[in-house]
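Residue 1 is where the sequence shown starts when you use full-length UniProt numbering, and the numbers rise one by one after that.
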Amino acid sequence: MEKHSSIIINEEDLAHEEDILRNSYSISHWLRYIERKKDSSSNDIVNLLYERALKLMPGSYKLWYGYLKLRIKQTNSLSILDPIVNETNNCFERSLVFMHKMPRIWIEYLQFLMSQCDLTRTRRTFDRSLQALPITQHNRIWPLYLKFVKSHNLPETSIRIYRRYLMLLPEEAEDFIDYLISIERWDEAALKLTEIVNDEHFVSKQGRSKHQLWTELAEILCRHPDRIHSLDVDAIIREGIKRYVDQQGKLWISLAEYYTRSGLFDKARDIFEEALASIKTVRDFSQIFDAYTQSEEKLIQVRMNQSNLSEEDEIDLDLRMIRYEDIIERRPLLLNNVALRQNPHNVEEWLKRVKLLENKPTEIVDVYSDAVQTVQAKHAIGKYYLLWVKFAQFYEANGQLEDARLIFEKAVTVDYVKVEDLANVWCEYVEMEVRNNNFELALKLMQRAVSVPSKRSTTSYYDQSESVQNRLYKSLKIWSMYADLEESFGTFESTKAVYDKIIELKIVTPQMIINYGLFLEENDYFEESFKAYEKGISLFRWPNVYDIWNTYLTKFLQRYRGSKLERIRDLFEQCLEYCPSKYCKHFFFLYAKCEEEYGLARNATTIYDRATKKVPSNERMEVFNIFIRKVAEMFGVTHTRSIYEKAIDMLPDSEAREMCLKFADLERKLGEIDRARAIYAHCSQICDPRTATRFWNAWKDFEIKHGNEDTVREMLRIKRSVMATFNTQVNFMSAQMMASAFHQQQDNKESTNKMNDLENLAQANQSDGSEIIKNSVQFVKSDSSTVNNGGNRVNDIIVSSDQANPDEINLDDDEDLDAEQSDDDDDNDDDDDEQQSS
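Given below as structure tokens:
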């Protein structure tokens, strides 16, 4: 081994030494050599190699950075008092002579110093780094600097450093505020918060809004009043109240809490009262009122928890209790104040306020005065005229009638939005005079109200360009009340003049026409009343004229009782000429009744016949029933046949079916069995056996009583034919399936016993001939004689219970009649029919 200048060179290092000699300024050759010696040599040898390289290349960042990292690594397990640590610091200082513009070197040095806990040297090194580095590189140093000052309890130093930091990055003010809050520097935190809140260009990096910053500021101010000395808390929070309208409740509470924590309880109470007198939302009211009551409760509890209360303390406690009860009692009134501040044109809230001030007449008068002066008719919510009316009624209730009249006189001059509102005021004015028995004055008021303004006779009731006072004379409400007053307190002529004026203005209603007619009738002016009805008829159209015609015709019939029959007929014809079908039934019945009582029966039947054609289809059945009953009473039941036939043709199937049953029953009662059977056969074509079970049961009952086996077989054949016809109507069949199932269950129970005998008879006749019939059935004399098609008597068929055929087949009414019966069976039936006939 060769030793030169304290350097021991092994044979293995000769190659590296030769490379270095040839390439002394090549960093890569030095780094290879250093890597070779790191694992196998001591720290001193590696350090010495770095020193040799840096002596040749002192401006190499790569060599310095690697050397410094190595020196830091060598000190990891050493005490901070070890000389090697100091040597490492010296290495950093030597490197900074050349590397002072390299932030990475500064950061490594600063972190190494922070680990040594040398606060002064570290702080000064931080300052040196900021002085040495360009300002664009400061953002790499400041986070480490702030971390260093936060890790030690150095409030004054930290605040100074933060202020320097904010000169570079003012947007980091929130971080500074959070630090001030953490070290409980409330005054400085509030100052900084106030500064950023007032800065319109400030944007929170933490994403907090201005409102959140205001809330935080208010919280700091109100919770630490004894630590805030640099700010006017009252002015700041009031500024927030003006700026953030939607959070006024919380800010008012914060201001009151500030004075409460400051011990100024009376001032806090004044703040609460001021808040309740200024807020405009129910939510803010609820928050402030709850906070107010809780504050008073706490004060009372504190005073009550004190021992040995003096006389002054007891008086103070009593005053606080009274104040607390007064707050609770005033809550509805305070809430009403909020609603009125929110919308001063809300009529309902003004009236509610009057109810809250019950038994306080002076305050009620003030409320009404404020209401009528504040509320504007165009913006009013609710019935604006009620304010004036209730105001006048309040004076009336207190016996101040002259003051009430004065209020009404002012009310009728107000420019309302609707004519109806002004009309209501006049009506209430008149009703007040009527209640006080001033009838003549009430009539004079009505005359004033309905007086036509000069040159305004053609003003439209709905013309918004005209004032409501100029359009009042066309108000129906005013005229109706005027007419009622004239009827009650005026003369006949004045009342008649009022009604005539109403008709002239064309604002009359059908009910007023009727009232006019009744008024004339009560005064024995019958013809005048009829003229009034005719005027109303000329003014209105259907259906509005219905009541007028009904009253007119009824009164006319009661008056003359058929003495002016031709005139009555003309009136009825005039009424029915344009009467819609929906309303004509009543008039046809009235017309027909008139003819029955005072005219000709033939005319009555003609009227009923006209009614059947004009009334709606849903009322036609009722008309036909009445028509039939009346004809039967006047001419006999035989004259109803043509009516039945017409009804069957005109009515829908469901109602025609009912009419056929009634017609057939009538013919049966008259002994016309063949006619009845023909009716059943005719009606069967519209009766599906699956749904119209009532019809087929009626026909079966009829054949049991009045038929024979031929007629029964004919009925069964028709039933099969009809069923086959309806089976082809698929849509109809599916639509009626549910109804059919239900009716079959109900009808099968009732009809099975009756039809079994007839079907057994038919089966027996087919299979065994006449002998089986004689053995199984017997013919007895009928109670009533009936004539069949051949003119022979038909006997009732009664199945003998003791001679029943044991081989007979029970056929169900509907299900046994299979539509799929073969043509051969039909031919056999026809042959059997011919044999029976022969």
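Here a beta-carbon is modelled for each residue, glycine too, at the ideal position from N, C-alpha and C.
Query                                                                                                                : Result
Own chain partners of residue 638 with C-beta closer than 8 Å, once the 5 adjacent residues on each side are dropped : 670
Residue 107 vs residue 48 beta-carbon contact at 8 Å                                                                 : no
Reduced DSSP secondary structure (H/G/I, E/B, other) of residue 343                                                  : coil
Proximal residues to residue 502 (C-beta, below 6 Å), its chain only, five neighbours per side dropped               : 479 and 508
Burial state of residue 679 (16 or more Cβ within 10 Å)                                                              : buried
Residue 430 - containing alpha helix (DSSP H), residue span                                                          : 419-435
Reduced DSSP secondary structure (H/G/I, E/B, other) of residue 279                                                  : coil
Three-state secondary structure assigned by DSSP to residue 141                                                      : coil
Nearest-angstrom Cα separation, counted from residue 694 out to residue 549                                          : 43 Å
Secondary structure of residue 679, DSSP reduced to three states                                                     : helix
Assigned exposure category for residue 649 - 16 Cβ within 10 Å defines buried                                        : exposed
For residue 183: DSSP bridge partner residues                                                                        : According to DSSP, which records beta bridges pairwise, residue 183 is partnered with nothing at all.
Complete runs of the beta strand (DSSP E) confined to the stretch 637-701 [at least 3 residues]                      : none
Outcome for residue 306 when other beta-carbon atoms lying within 10 angstroms are tallied against a minimum of 16   : exposed
Residue 91: first and last residue of the uninterrupted alpha helix (DSSP H) it sits in                              : 83-99
Spatially closest choice to residue 259 from 228, 276 and 173, by CA coordinates                                     : 228
Span separating the alpha-carbon of residue 591 from that of residue 524                                             : 25 Å
Beta-bridge partners of residue 381, as assigned by DSSP                                                             : 346
Residues near residue 181 by beta carbon distance below 8 Å, same chain, minus five either side                      : 189 and 220
Euclidean distance between Cα positions of residue 332 and residue 356                                               : 8 Å
Pairwise C-alpha distance: residue 541 and residue 617                                                               : 23 Å
Range covered by the alpha helix (DSSP H) that runs through residue 135                                              : From DSSP, residue 135 is part of no alpha helix (DSSP H); its letter is neither H nor E.
Closest by C-alpha distance to residue 241, when choosing among 275, 257 and 263                                     : 275
N- and C-terminal bounds of the alpha helix (DSSP H) containing residue 369                                          : 361-374
Coarse secondary structure for residue 117, derived from DSSP in three states                                        : coil
Cβ shell of residue 420 (< 6 Å), same chain only, five flanking positions each side left out                         : none
Rounded straight-line distance, which links the Cα of residue 138 to that of residue 157                             : 19 Å
Residues near residue 18 by beta carbon distance below 8 Å, same chain, minus five either side                       : none
C-alpha distance - residue 195 paired with residue 297, whole-angstrom precision                                     : 37 Å
Proximal residues to residue 451 (C-beta, below 8 Å), its chain only, five neighbours per side dropped               : 473
Contact belief for residue 486 with residue 494 at Cβ below 8 Å, rounded distance in angstroms                       : 5 Å
Residue 95, buried or exposed, once every other Cβ within 10 Å from all chains shown has been counted against 16     : buried
For residue 240, the three-state DSSP class (helix, strand or coil)                                                  : helix
Simplified DSSP state of residue 57, which is helix, strand or coil                                                  : coil
DSSP-derived helix/strand/coil call for residue 287                                                                  : helix
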